[in-house]
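>
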Amino acid sequence: MNDTVKKILPHFISVIVMLALAMVFFSSYAFEGKVLNQHDNVQARGMQAEIHKYNKENKETILWTNSQFSGMPTYQLHLKTTGNKIKKLFYALLLYQPMTAPHSGAFIGMLSMYILLIILGVDWKLAIGGAASFGLCTYNMDLIEEGHTTKLLALAFLPAMMAGVILLFRNKFFIGSTLFGLAFALQLYSNHFQITYYSGMLVGIYALIKIGYGIKEGKEYMSLMKPIILLGIISLLAVATNASRMWTTYEFSHESQRGKSELAAKKGINGLDKGTITSYSLGRMEALVPSLIPNYYGGGWDHKTITDTEFYKINAANEIQKMVQSGMSKADAEKRIRVSLAGRYMYWGDNPPGVSIYFGAVVWLLFIVGLILATGPEKWWFVITAAFMMMISWGGNFFMTEIFIDYLPMFNKFRAHSMAMGLSQIGFTVLAFYGAQKLFDTKIDLQYKKKAFYIAIGSLVAFIIISFFMADFSSRNDSDPNLAPIIPMLISDRTMLLRNDILKTLLFLALTSGLIWGYLNQKIRSIILIIGITLL
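Counting from 68, one number per residue, gives the positions in the sequence shown under my numbering.
This is how it looks when you write it as structure tokens:
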């Protein structure tokens, strides 16, 4: 076996493994022909019905539809374009499936994250674990279930963009330009400009970090500016490949609520009003704690463990029976009741149920290890990405949001800043597996590795205990006088659900800690640690 094959073979195996993971995870779709009932995609197909009907009957593309609002251009709903060459690569990466195919989106996310971790020097076997952690994360599952396909794909291409940026600043101009340019063009084709806007903020942050490091190291001005100039040129080329979509969207924005209307102009508003912009704002604790302890605030609309609560056992049976008697299937009736009771009674946070994002206990533990063991500008990029995007997700609860709305170009065109948590998760995941790789670094003192591990597990256990005693389990809906007799039961059930989630979190931390402790004390080999972390 020659050297080239030896270098390529592990990555070929990795791609096959990631593809298999995606296919198996969504086997109902990939092999059984079942289709997810994705709310947003069902709505989109309804909006596009008139367009498809006209195109089929007249053999030409219609540019206007009357099926939405008082009429609108079709390029915001469905418009076939022939000039965009990036489209072929886009659908090749989707495995020639529609954008709504869940296994395709998950596979792209895994492949993109794998590329970034490999660029960072993470072992390919460990990189598979990091790729799976991102591609199959709970937030992506939420996006898939709701049909937020464009958001999912835009996030999926971001790690590959970040890999290209890192290569550019390492003066690997050709491969860096190619990777960043393709990944950025593909993200733009995904057509979710809010994620692209946040991605641009991250690239800007890395550029500032590298300039700071460069000045500290006494590098020449041009050596610092060359990657930035290249980034600008490549970005313009990527935008040019998607001009047919972006320019029409820009033009249409002037005629939508994101533009300046005559009424809004009198109030000095050019974009969405601040109430709309901050309508989906995460609380500070609601962004942080559930990323470690799933369902800390009671979970989302379809929190299946509600069936274990006393409240559900007392109230569900009669309601399900009524629905079945009216003609609904028992399975549908059970889901409807579960959704209704979970969202209304078990959730006790301040936001619409289901918004919180779970990063994972394993990722959190490895993230803190990476925070201690990793060094260099990339480490700080991932830390700032994780923290800054979490603060963006706070929306109206972040003191900088109003300044961004007033002074940051185009920031007032976007709402639902809670989605920034998807980018925060990328920062956590990358540093977690970058940090895990440092456990194998022979240049780092073994005692220092053990210290980092003990700090990580100790701080997380302390945080979990404090979080439990800080929980008051009181919902704003509890003020309803009709609920007064059952409040003690609800608080007892909410406490039980949180206690169960904390026990699960501690179990994952214990299993991961056992593997790391075993490796650091030479009880198990590195491959066992890698496989164990990946499975967990």
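Glycine residues also receive a C-beta, built at the ideal position from the N, C-alpha and C atoms.
The structure presented is a predicted model; accordingly, all values stated were derived computationally and were not measured.
Taking 6 Å as the limit between beta carbons, can you name the residues of its chain near I211, skipping five residues before and five after?
Here the question's residue 211 lines up with position 144 in the sequence shown. Cβ neighbours of I211 beyond the five flanking positions: P169.
> Taking only the alpha-carbon atoms, compute the straight-line gap between S559 and F500 and give it to the nearest angstrom.
Residue mapping note: residue 559 aligns to position 492 of the sequence shown, counting from 1. Residue mapping note: residue 500 aligns to position 433 of the sequence shown, counting from 1. Near 38 Å, if we compare the C-alpha coordinates of F500 and S559.
> Where do the N-terminal and C-terminal ends of the alpha helix (DSSP H) with S266 fall, by residue?
Within the sequence shown, residue 266 is the residue found at index 199, counting from 1. Element bounds for S266: F260 to K283.
> When the Cβ atoms of the segment 153-161 are set against those of the segment 183-200, are three or more pairs found closer than 8 Å?
The segment 153-161, when compared against the segment 183-200, does not touch it at the 8 Å Cβ threshold.
> May I ask you to report which of helix, strand or coil DSSP gives W131?
Here residue 131 refers to the residue found at position 64 when the sequence shown is read from its first residue. Looking at W131 - three-state DSSP - the assignment turns out to be strand.
> With C-beta atoms as the reference, is L527 less than 9 Å away from L359?
On the sequence shown, residue 527 is found 460 positions in, with the first residue counted as 1. On the sequence shown, residue 359 is found 292 positions in, with the first residue counted as 1. Yes. Within cutoff.
> Taking Cβ to Cβ, would you say P294 is nearer than 9 Å to F240?
Counted from its first residue, the sequence shown places residue 294 at position 227. Counted from its first residue, the sequence shown places residue 240 at position 173. Against a cut-off of 9 Å, the Cβ pair of F240 and P294 comes out as a contact.
> Would you call V177 buried or exposed, if buried means 16 or more other Cβ atoms sit within 10 Å of its Cβ?
Numbered from its first residue, the sequence shown carries residue 177 at position 110. A quick correction: the sequence has Met, not Val, at residue 177. Buried, because 16 or more other Cβ atoms sit within 10 Å of the Cβ of M177.
> Would you give the residue range spanned by the alpha helix (DSSP H) that D539 belongs to?
Taking the sequence shown and counting its residues from 1, one reaches residue 539 at position 472. No alpha helix (DSSP H) contains D539, which DSSP labels as neither H nor E.
> Considering just the uninterrupted stretch of the alpha helix (DSSP H) at M208, what are its terminal residues?
For the purposes of this step, residue 208 is taken as the residue at position 141 of the sequence shown. Run containing M208: T205 to E213, per the alpha helix (DSSP H) assignment.
> So what does P140 bridge to, in DSSP terms?
Along the sequence shown, read from residue 1 onward, the residue named residue 140 stands at position 73. DSSP lists W131 as partners of P140.
> Which residue wins for smallest C-alpha separation from K341, given the options L275, S393 and T468?
By one-based count along the sequence shown, residue 341 stands at place 274. Among L275, S393 and T468, the Cα nearest to that of K341 is on T468.
> Indicate whether the contact test is met: 3 or more Cβ pairs, each with one atom in the segment 501-517 and one in the segment 375-391, closer than 8 Å.
Segments in contact, no.
> From this set, V436, V356, G463 and H484, which residue's C-alpha is nearest I522's C-alpha?
As a working note, residue 522 is residue 455 in the sequence shown. Checked all of V436, V356, G463 and H484; the closest Cα to I522 is V436.
> Can you confirm whether the segment 453-461 touches the segment 348-359 when touching is taken to mean that 3 or more C-beta pairs between the two stretches lie within less than 8 Å?
Counting Cβ pairs under 8 Å, three or more are found: they touch.
> For Q105, which three-state DSSP category applies?
Start at 1 with the first residue of the sequence shown, and residue 105 comes out as number 38. Three-state result, Q105: coil.
> If you compare alpha carbons, which of A551, G585 and L564 is closest to K516?
Within the sequence shown, numbered from 1, the residue matching residue 516 stands at position 449. Nearest C-alpha to K516: G585.
> Looking at G443 and S542, is the spacing between their C-beta atoms short of 9 Å?
The count along the sequence shown starts at 1 and reaches residue 542 at position 475. The count along the sequence shown starts at 1 and reaches residue 443 at position 376. Taking 9 Å as the Cβ cut-off, S542 and G443 do not qualify as a contacting pair.
> Alpha carbon to alpha carbon, how far is I276 from I493?
Mapped onto the sequence shown, residue 276 falls at position 209. Mapped onto the sequence shown, residue 493 falls at position 426. I276 and I493: Cα-Cα distance of roughly 18 Å.
> What is the residue span of the alpha helix (DSSP H) that N385 lies within?
Here residue 385 refers to the residue found at position 318 when the sequence shown is read from its first residue. Its alpha helix (DSSP H) spans residues E377 to Q392.
> Figure out for me which residue from A223, G285, N544 and S546 has the closest Cα to the Cα of A250.
Locating residue 250 in the sequence shown gives position 183, where the first residue counts as 1. Of the listed residues, the one whose Cα sits closest to A250 is A223.
> Just the Cα atoms here: how many angstroms apart are R561 and I532?
Taking the first residue of the sequence shown as position 1, residue 561 is located at position 494. Taking the first residue of the sequence shown as position 1, residue 532 is located at position 465. Near 16 Å, if we compare the C-alpha coordinates of I532 and R561.
> Cβ atoms of N207 and L225: under 9 Å apart, would you say?
Counting from one through the sequence shown, the residue named residue 225 turns up at place 158. Counting from one through the sequence shown, the residue named residue 207 turns up at place 140. No.
> Quick check on this structure: which residue in K446, G581, L297 and G271 has the alpha carbon closest to the alpha carbon of L235?
As a position in the sequence shown, residue 235 is number 168, starting the count at 1. L235 has its Cα closest to that of L297, out of K446, G581, L297 and G271.
> Measuring CB to CB, does N544 end up less than 9 Å from Y412?
For the purposes of this step, residue 544 is identified with residue 477 of the sequence shown, where counting begins at 1. For the purposes of this step, residue 412 is identified with residue 345 of the sequence shown, where counting begins at 1. Contact: yes.
> Distance, Cα to Cα, V84 vs I262?
Working through the sequence shown from its first residue, we reach residue 84 at position 17. Working through the sequence shown from its first residue, we reach residue 262 at position 195. Their Cα atoms are separated by approximately 28 Å.
> From which residue to which residue does the alpha helix (DSSP H) around Y288 run?
Here the question's residue 288 lines up with position 221 in the sequence shown. Taken as a continuous stretch (DSSP letters only), the alpha helix (DSSP H) holding Y288 covers Y288 to T308.
> Counting only the same chain and skipping the five closest in sequence on each side, list residues whose C-beta sits under 7 Å from that of T343.
Working through the sequence shown from its first residue, we reach residue 343 at position 276. These residues qualify, in order along the chain: R482.
> Verify whether the separation of the beta carbon atoms of L253 and A230 is less than 9 Å.
Residue 253 sits at position 186 when you count from the first residue of the sequence shown. Residue 230 sits at position 163 when you count from the first residue of the sequence shown. Cβ atoms of L253 and A230: not closer than 9 Å.
> Which whole-angstrom value describes the C-beta separation of K397 and I387, a residue pair presumed to lie in contact below a C-beta threshold of 8 Å?
The residue labelled residue 397 in the question sits at position 330 within the sequence shown. The residue labelled residue 387 in the question sits at position 320 within the sequence shown. Contact holds; Cβ gap of about 7 Å.
> Just to confirm my understanding: we take A116, look at its own chain, exclude 5 residues before and 5 after, and list those with CB closer than 8 Å. What are they?
Residue numbering aside, residue 116 sits at position 49 when the sequence shown is read from its first letter. Closer than 8 Å at Cβ, skipping near neighbours: S134.
> Taking only the alpha-carbon atoms, compute the straight-line gap between S179 and V356 and give it to the nearest angstrom.
If you number the sequence shown from 1, residue 179 lands on position 112. If you number the sequence shown from 1, residue 356 lands on position 289. So the alpha carbons of these two residues sit roughly 27 Å apart.
> The alpha helix (DSSP H) spanning L573 covers which residue range?
Here residue 573 refers to the residue found at position 506 when the sequence shown is read from its first residue. That run of the alpha helix (DSSP H) goes I554 to L587.
> Between the segment 185-192 and the segment 71-83, can you find at least three pairs of beta-carbon atoms closer than 8 Å?
With the cut-off at 8 Å, the segment 71-83 and the segment 185-192 touch.
> Any C-beta of chain C sitting closer than 9 Å to the C-beta of E386?
Checking the listed chains, one finds no chain C in this structure; it contains a single protein chain.
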